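Note that the working numbering has the sequence shown beginning at 7, numbered continuously upward.
The C-beta atom is built at its ideal place from N, Cα and C for all residues, glycine as well.
These figures come from a predicted structure and were not determined experimentally.
Reviewing the structure listed below.
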Amino acid sequence: MDTVTTGEAAPRGLRVMGDSPIRQRVVIALALSTIIPTLILFYVLLMHIVGMPAEQRGYLPALALSTILLMVAGGAVIWDLAREADRANARWRDLSLTDELTGAFNRRYFDLRLREEIARAERYSHPLCLMLLDVDRFKEVNDSHGHDVGDLVLKELCRLIQAQSRAATTLCRYGGDEFAILLPETAWTGALVYGDRIRTCVNRAPFPHGQPVTISVGLGTFPEDATSADDLFKAADTSLYAAKAGGRNRVGG
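Written out as structure tokens, the structure is:
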């Protein structure tokens, strides 16, 4: 899936330093690279100052070398910790932008990405389509079969949509059983074909509760229907409402 820069990711290492294993390794690394070498060097210097006899100074070069090796080892541990912190922060950032249940992007990501795509479409004079869809009578699924089954229906719905989508398509769970799909460089006709393909696929697919599932789909296009993020969403939402009012299980006009 696509990624987006939010500017809100945790500073490097800060969010993972509270974890016990990493904090313990940081303490060890600091001891290896700073505290122990400092004590050893202080001892070597002190021996020279107090006038240690020459015959007793033979081990000092080896002691100094071991100090350098300790500093290198400590630096290597800190470098490894920095890389681990980066990976952990990347995982944190991914979780902050995706829906935990379905794996689709969440509303926060959608709001960011919609404005990015509109700016790009405007800059390069490319079409952009926003698709909104939701599950028809989803409340009845939850009421009759329970929320656990409802969750499985949403997960399967996302899987079906992603299987019918190209890489540039951005699927977001907007809330509840409502999803938003961004289709860059896609005009109305192409979005209509794509929307109907998804609708047909969902209608024919088996679902966990053993009953058919249908969806209603709304479309809004840039710049024909709207030239701002808010207006584009309103256009797609109006189209979705028309699909519902027209009998459900259809793509709104």
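Who are the near neighbours of Asn-3 in its chain, counting only those whose CB is closer than 8 Å to its CB and skipping five residues on each side? Nothing about residue 3 can be read from this structure; the chain reaches only from 7 to 259.
If you draw a straight line from the alpha carbon of Ala-15 to that of Leu-118, how long is it in whole angstroms? The residue you call residue 15 lines up with position 9 of the sequence shown. The residue you call residue 118 lines up with position 112 of the sequence shown. Because the pLDDT at Ala-15 is just 38, under 50, the model does not fix this residue reliably, and the value given afterwards should be weighed accordingly. Whole-angstrom Cα-Cα distance: 14 Å.
Of the residues Trp-85, Asp-105, Pro-214, Leu-71, which one's Cα is nearest the Cα of Gly-181? In the sequence shown, counting from the first residue as 1, residue 181 sits at position 175. Minimum Cα distance to Gly-181 is reached at Asp-105.
Could you check whether Gly-201 and Leu-225 sit closer than 9 Å to each other, using their CB atoms as the reference points? In the sequence shown, residue 225 corresponds to position 219, counting from 1. In the sequence shown, residue 201 corresponds to position 195, counting from 1. Yes; because the gap between Cβ atoms is below 9 Å, this pair is in contact.
Given 8 Å, three or more beta-carbon pairs between the region 161-171 and the region 238-250: Judged by Cβ distances under 8 Å, the region 161-171 makes no contact with the region 238-250, as fewer than three pairs qualify.
By how many angstroms is the C-alpha of Val-147 removed from the C-alpha of Ala-211? Reading the sequence shown from its first residue, position 205 is the one you call residue 211. Reading the sequence shown from its first residue, position 141 is the one you call residue 147. Roughly 16 Å between the two C-alpha positions.
In the DSSP output, which residue or residues are listed as bridge partners for Ser-222? Looking up residue 222 in the sequence shown gives position 216. According to DSSP, which records beta bridges pairwise, Ser-222 is partnered with Asp-140.
Going by DSSP in three states, Thr-244 sits in which element: helix, strand or coil? The residue you call residue 244 lines up with position 238 of the sequence shown. If DSSP states are grouped into helix, strand and coil, Thr-244 belongs with the helices.
Tell me the DSSP secondary structure of Thr-227 in three-state form. Within the sequence shown, numbered from 1, the residue matching residue 227 stands at position 221. Three-state DSSP puts Thr-227 in a strand.
Neighbourhood of Leu-107 by C-beta, 8 Å cutoff - its chain only, sequence neighbours within 5 removed: Along the sequence shown, one-based indexing puts residue 107 at 101. Here the set comprises Asp-157, Leu-160, Lys-161, Arg-179.
What did DSSP end up calling His-191 once you bin it into helix, strand or coil? The residue labelled residue 191 in the question sits at position 185 within the sequence shown. His is not the amino acid found at residue 191; the sequence shown has Glu there. If DSSP states are grouped into helix, strand and coil, Glu-191 belongs with coil.
Is it buried or exposed, Asp-183, if we count other Cβ atoms within 10 angstroms and call 16 or more buried? Numbered from its first residue, the sequence shown carries residue 183 at position 177. Buried, by the Cβ-count rule.
Residue nearest to Thr-233 in terms of C-alpha spacing, selected from Val-257, Arg-121, Gln-217, Gly-196: Here residue 233 refers to the residue found at position 227 of the sequence shown. Taking the Cα of Thr-233 as reference, the smallest distance to any Cα among Val-257, Arg-121, Gln-217, Gly-196 is reached at Arg-121.
What would DSSP say about Arg-205, mapped onto helix, strand or coil? Position 199 of the sequence shown, counted from the first residue, corresponds to residue 205. The answer is helix: DSSP assigns Arg-205 an H, G or I state.
Given that a residue counts as buried once 16 or more other Cβ atoms are within 10 Å of its Cβ, and exposed if not, what is Gly-216? Against the sequence shown, residue 216 aligns to sequence position 210. Exposed: under 16 other Cβ atoms inside 10 Å.
Taking the Cβ atom as the reference point for each residue, do Ala-174 and Leu-189 lie within a distance shorter than 9 Å? As a working mapping, residue 174 is identified with position 168 in the sequence shown. As a working mapping, residue 189 is identified with position 183 in the sequence shown. Taking 9 Å as the cut-off, the Cβ atoms of Ala-174 and Leu-189 count as close.
Proximity below 9 Å, CB of Thr-227 to CB of Cys-135: By 1-based counting over the sequence shown, the position of residue 227 is 221. By 1-based counting over the sequence shown, the position of residue 135 is 129. Yes, the pair counts as a contact, with Cβ atoms nearer than the cut-off.
Where does Val-78 land, buried or exposed, given buried means 16+ other C-beta within 10 angstroms? Looking up residue 78 in the sequence shown gives position 72. Answer is exposed; the Cβ neighbour count stays below 16.
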